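Novice: Chains as they are written, first to last, in the UniProt record's numbering: chain Y, 1 to 292; chain D, 1 to 292. By construction, the Cβ of each residue, glycine as well, lies at the ideal position given by its N, Cα and C atoms. None of the values given here were measured: they were computed from a predicted structure. Here it is: the structure, laid out below.
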């Protein structure tokens, strides 16, 4: 059996009991490095499972999946992924490959940012499509996310924005010399994300992302107890808020839609940079009827 | 500390290790009955935890939350909910109440239908807003879901439809006599859901839900191993498919949007009532370029 097991969002204790049993019973256990380096240390997982883990980078999972699937029709093999196997990064390719090889597959689900984002207090059924925001360069500023946010905003829906991660980047020099030396991973910060959003707004000018009139909620380490951070405010509030106050990566950002309900305002107010401004914008711009 | 702990989607082993530790350490453990009667038996959970559970119906969670929160500032109290605490049924009310009482709260996340639906092979970021479909009666056929599905469909997005559950219903006679005798729970089946969708289409006529040209995927018991069922087809395929082949409740239904990707078609084809028709509609109506 080939198991793909979601690890949840924070640390080694977020695995489910079913997932843990599958890990303990597996002959080989792979850890997807692309996402896993984010939050959980490999040695911490190994100590917890009492088992050695084989690192599998994204390339290996996508293009060399036969290695992972080797003999999985005879012995149990597990692939561990952060979040849920069908979260932001999907694993349909390797499942299709297993299917083609006649290997039975079992997915063990867990929380992912796609549902745990509800912790910000905004109703999940009021979210439209999810978008990704990549690091801009001088010459490459892909802005299709703007159209997606506008589509959601026109319907009054919230938008979850997943922020870029750069792993296994090579410096120009190392790349030119063919040296497989990688830069440390980079995670997009909330202030940088907001800066990029506002930059595109200033070009596209559809009024979707007004720095002082659009509400947003930043989250990191959802479910991570003391490490969890939720910060709410206008885009300007978030851009000017100290970067360290958003906590450790991975960060995500919600653009609040106009169907905002007063209970959502009230819930997220706890996390507001400036409660008064949060309520004022919710009331005057979003039209929420709030108690005094 | 007040813990709200997601149990995941299937049985007692879907709780996370962190969740299990919190249950074991809690002085009182409540089980939300509204959702929990669906999949997990109370006594099975109790045996697994080695702990007695107090049933809390939806009324209790919503309106008598002070009873649940009693002394939670001094001892640990846990409330168990199926799925994730911020899934289809949210628990913001009781968290707001805990906040007002100065009781620290910790949410322990898990998979919910809102992210595990990815198991159907459709990309989560291609889903628009989620809708609910209630049991129609002769005189009450609320159809606002139709507008929501149309909004999603106009953008080419998939729609997750959560199907109604009736619990604690009273017969007219028992209601009239004030007898607190409840009917067995009722779960909307996939064929009934499709019938209701098509009925509203025949009234509203916006062409959003064409019986023979709209693709849909039905899921139940996602992550439940042998109990999981995924069935794909046109609305007509699903309406005519034997009810028992959709598996045990709870059922959910996805209306497939026009941004459908050929990999999504290929993945879900495994679950199709009629593979040939699935591919033909994907290709001719949805415009997916598929291999022969």
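Ends of the alpha helix (DSSP H) at residue 241 of chain D?
Specialist: Here residue 241 of chain D refers to the residue found at position 241 when the second chain is read from its first residue. Premise fails: residue 241 of chain D is in no alpha helix (DSSP H) and is neither H nor E.
Novice: Quick one: grab the DSSP three-state call for residue 261 of chain D.
Specialist: Within the second chain, numbered from 1, the residue matching residue 261 of chain D stands at position 261. Here residue 261 of chain D carries a coil assignment [DSSP, helix/strand/coil].
Novice: Let me make sure I understand the geometry here. Which of Y/240, Y/207, Y/185 and Y/210 has the alpha-carbon closest to that of residue 192 of chain Y?
Specialist: Residue 192 of chain Y sits at position 192 when you count from the first residue of the first chain. Nearest of Y/240, Y/207, Y/185 and Y/210 to residue 192 of chain Y, Cα basis: Y/240.
Novice: Do you know whose CA, among Y/169, Y/272, Y/256 and Y/270, lies nearest residue 287 of chain Y's CA?
Specialist: Here residue 287 of chain Y refers to the residue found at position 287 of the first chain. Of Y/169, Y/272, Y/256 and Y/270, the residue nearest in Cα terms is Y/256.
Novice: Can you give the Cα-Cα distance for residue 177 of chain D and residue 224 of chain D, rounded to whole angstroms?
Specialist: Along the second chain, read from residue 1 onward, the residue named residue 177 of chain D stands at position 177. Along the second chain, read from residue 1 onward, the residue named residue 224 of chain D stands at position 224. Separation of residue 177 of chain D and residue 224 of chain D (C-alpha to C-alpha, rounded to the nearest whole angstrom) is 41 Å.
Novice: Kindly indicate the opening and closing residues of the beta strand (DSSP E) around residue 32 of chain Y.
Specialist: Numbered from 1 along the first chain, position 32 holds the residue referred to as residue 32 of chain Y. Looking at the DSSP string, the run of the beta strand (DSSP E) that includes residue 32 of chain Y is 28-32.
Novice: My output table needs one value for residue 5 of chain D: the three-state DSSP class, helix, strand or coil.
Specialist: The residue given as residue 5 of chain D occupies position 5 in the second chain. DSSP places residue 5 of chain D in strand when its eight states are reduced to three.
Novice: Per DSSP, residue 158 of chain Y is paired with what?
Specialist: Here the question's residue 158 of chain Y lines up with position 158 in the first chain. In DSSP, residue 158 of chain Y forms a bridge with Y/127.
Novice: Okay, do the segment 46-62 of chain D and the segment 48-56 of chain Y touch, 3+ Cβ pairs below 8 Å being the bar?
Specialist: no
Novice: Could one say the Cβ of residue 62 of chain Y lies closer than 8 Å to chain C's Cβ atoms, at least one of them?
Specialist: Judged by its chain identifiers, the structure shown contains no chain C, and its protein chains are Y and D.
Novice: In whole angstroms, what is the alpha-carbon distance linking residue 184 of chain D and residue 170 of chain D?
Specialist: By one-based count along the second chain, residue 184 of chain D stands at place 184. By one-based count along the second chain, residue 170 of chain D stands at place 170. Taking the straight line from one Cα to the other gives about 9 Å.
Novice: Could you tell me whether the Cβ atoms of residue 30 of chain D and residue 15 of chain D are closer together than 8 Å?
Specialist: Numbered from its first residue, the second chain carries residue 30 of chain D at position 30. Numbered from its first residue, the second chain carries residue 15 of chain D at position 15. In this structure, residue 15 of chain D does not lie closer than 8 Å to residue 30 of chain D by Cβ.
Novice: In the segment 159-186 of chain Y, which residue ranges form an unbroken beta strand (DSSP E) of at least 3 residues, counting only runs that do not cross its ends?
Specialist: 159-163
Novice: By the 10 Å Cβ neighbour count, where 16 or more other Cβ atoms means buried, how is residue 290 of chain Y classified, buried or exposed?
Specialist: Stepping through the first chain from its first residue, residue 290 of chain Y is reached at position 290. Result: exposed.
Novice: Am I right that residue 164 of chain D and residue 134 of chain D are in contact with their C-beta atoms under 8 Å? What's the rounded C-beta distance?
Specialist: As a first step, residue 164 of chain D is located in the second chain; it is residue number 164 there, counting from the start. As a first step, residue 134 of chain D is located in the second chain; it is residue number 134 there, counting from the start. Yes, they are in contact, since the Cβ atoms of residue 164 of chain D and residue 134 of chain D sit about 4 Å apart, within 8 Å.
Novice: Excluding the 5 residues flanking residue 258 of chain D on each side, which residues of the same chain have their C-beta closer than 6 Å to its C-beta?
Specialist: Counting from one through the second chain, the residue named residue 258 of chain D turns up at place 258. 156 and 286, listed in sequence order.
Novice: Could you name the residues of chain Y that residue 108 of chain D contacts, counting a contact when the two beta carbons are closer than 7 Å?
Specialist: Looking up residue 108 of chain D in the second chain gives position 108. The contacting residues are 223.
Novice: Residues in its own chain within less than 6 Å of residue 200 of chain Y by CB, not counting five upstream and five downstream?
Specialist: To locate residue 200 of chain Y, count along the first chain from 1; it is residue 200. Excluding sequence neighbours, residue 200 of chain Y sits near 143 and 146.
Novice: By the criterion of Cβ-Cβ separation under 7 Å, what are the contact partners of residue 15 of chain Y in chain D?
Specialist: Your numbering for residue 15 of chain Y matches position 15 in the first chain. Chain D residues near residue 15 of chain Y: 16 and 17.
Novice: Compute the distance between the beta-carbons of residue 148 of chain Y and residue 131 of chain Y, then report whether it is under 8 Å.
Specialist: Taking the first residue of the first chain as 1, we reach residue 148 of chain Y at position 148. Taking the first residue of the first chain as 1, we reach residue 131 of chain Y at position 131. Annotated as proximal: residue 148 of chain Y and residue 131 of chain Y, with beta-carbon spacing under 8 Å.
Novice: Exposed or buried, residue 181 of chain Y, counting other C-beta atoms within 10 Å across all chains shown (16 or more means buried)?
Specialist: Indexing the first chain from 1 puts residue 181 of chain Y at position 181. That one is exposed.
Novice: Can you tell me which of Y/109, Y/62 and Y/195 puts its alpha carbon nearest to the alpha carbon of residue 141 of chain Y?
Specialist: As a first step, residue 141 of chain Y is located in the first chain; it is residue number 141 there, counting from the start. When each option's Cα is compared against that of residue 141 of chain Y, the closest is Y/195.
Novice: Do you know how far the Cα of residue 78 of chain Y is from the Cα of residue 23 of chain Y?
Specialist: What you label residue 23 of chain Y is simply residue 23 of the first chain in a count that begins at 1. What you label residue 78 of chain Y is simply residue 78 of the first chain in a count that begins at 1. Approximately 6 Å between the Cα atoms of the pair.
Novice: Who are the near neighbours of residue 162 of chain Y in its chain, counting only those whose CB is closer than 8 Å to its CB and skipping five residues on each side?
Specialist: Your numbering for residue 162 of chain Y matches position 162 in the first chain. Excluding positions up to five away in sequence, the list reads 88, 113, 130, 131, 132, 133 and 252.
Novice: If the cut-off is 7 Å on Cβ atoms, which residues from the segment 144-171 of chain D count as contacting chain Y, listed in chain order?
Specialist: 151, 155 and 157
Novice: Kindly indicate which three-state DSSP category residue 280 of chain Y falls into: helix, strand or coil?
Specialist: As a first step, residue 280 of chain Y must be located in the first chain, where it is residue number 280. Reduced to three states, the DSSP call for residue 280 of chain Y is helix.
Novice: Using the beta-carbon count (16 or more within 10 Å), is residue 279 of chain Y buried or exposed?
Specialist: Residue numbering aside, residue 279 of chain Y sits at position 279 when the first chain is read from its first letter. Buried, because 16 or more other Cβ atoms sit within 10 Å of the Cβ of residue 279 of chain Y.
Novice: Using only CA atoms, which one of D/179, D/188, D/137 and D/82 lies nearest to residue 116 of chain D?
Specialist: Within the second chain, residue 116 of chain D is the residue found at index 116, counting from 1. Residue 116 of chain D has its Cα closest to that of D/82, out of D/179, D/188, D/137 and D/82.
Novice: Curious, which full-length beta strand (DSSP E) runs of at least 3 residues does the segment 87-123 of chain Y contain?
Specialist: Within the segment 87-123 of chain Y, the complete beta strand (DSSP E) runs of at least 3 residues are 105-108.
Novice: Thinking residue 32 of chain D and residue 80 of chain D are a contact (beta carbons under 8 Å), I'd like their distance in whole angstroms, please.
Specialist: The count along the second chain starts at 1 and reaches residue 32 of chain D at position 32. The count along the second chain starts at 1 and reaches residue 80 of chain D at position 80. Between residue 32 of chain D and residue 80 of chain D the beta-carbon gap is near 6 Å, inside 8 Å, which marks them as a contact.
Novice: Check each candidate in Y/226, Y/150, Y/136 and Y/189 and name the one with the smallest Cα separation from residue 205 of chain Y.
Specialist: Reading the first chain from its first residue, position 205 is the one you call residue 205 of chain Y. Of Y/226, Y/150, Y/136 and Y/189, the residue nearest in Cα terms is Y/150.
Novice: Where does residue 234 of chain D land, buried or exposed, given buried means 16+ other C-beta within 10 angstroms?
Specialist: Numbered from 1 along the second chain, position 234 holds the residue referred to as residue 234 of chain D. Answer is buried; the Cβ neighbour count reaches 16.
Novice: Can you list, in chain order, the residues of its chain with a C-beta nearer than 6 Å to that of residue 109 of chain Y? Leave out the 5 residues immediately preceding and following it.
Specialist: Sequence index remark: in the first chain, residue 109 of chain Y carries index 109 (1-based). For residue 109 of chain Y, same chain residues with a beta-carbon under 6 Å away, outside a window of 5 residues either side, are 6 and 84 in chain order.
Novice: So residue 63 of chain D is in the alpha helix (DSSP H); what residue range does that whole segment cover?
Specialist: In the second chain, counting from the first residue as 1, residue 63 of chain D sits at position 63. Start and end: 58-63.
Novice: Pull up the CB-CB distance for residue 65 of chain Y and residue 44 of chain Y, whole angstroms please, since I reckon it's below 8 Å.
Specialist: Position 65 of the first chain holds residue 65 of chain Y. Position 44 of the first chain holds residue 44 of chain Y. Residue 65 of chain Y to residue 44 of chain Y, Cβ: 26 Å. No contact.
Novice: Going by alpha carbons, who is nearest to residue 122 of chain Y out of Y/111, Y/139 and Y/158?
Specialist: In the first chain, the residue the question calls residue 122 of chain Y occupies position 122. Comparing Cα-Cα distances from residue 122 of chain Y to each of Y/111, Y/139 and Y/158, the minimum goes to Y/158.
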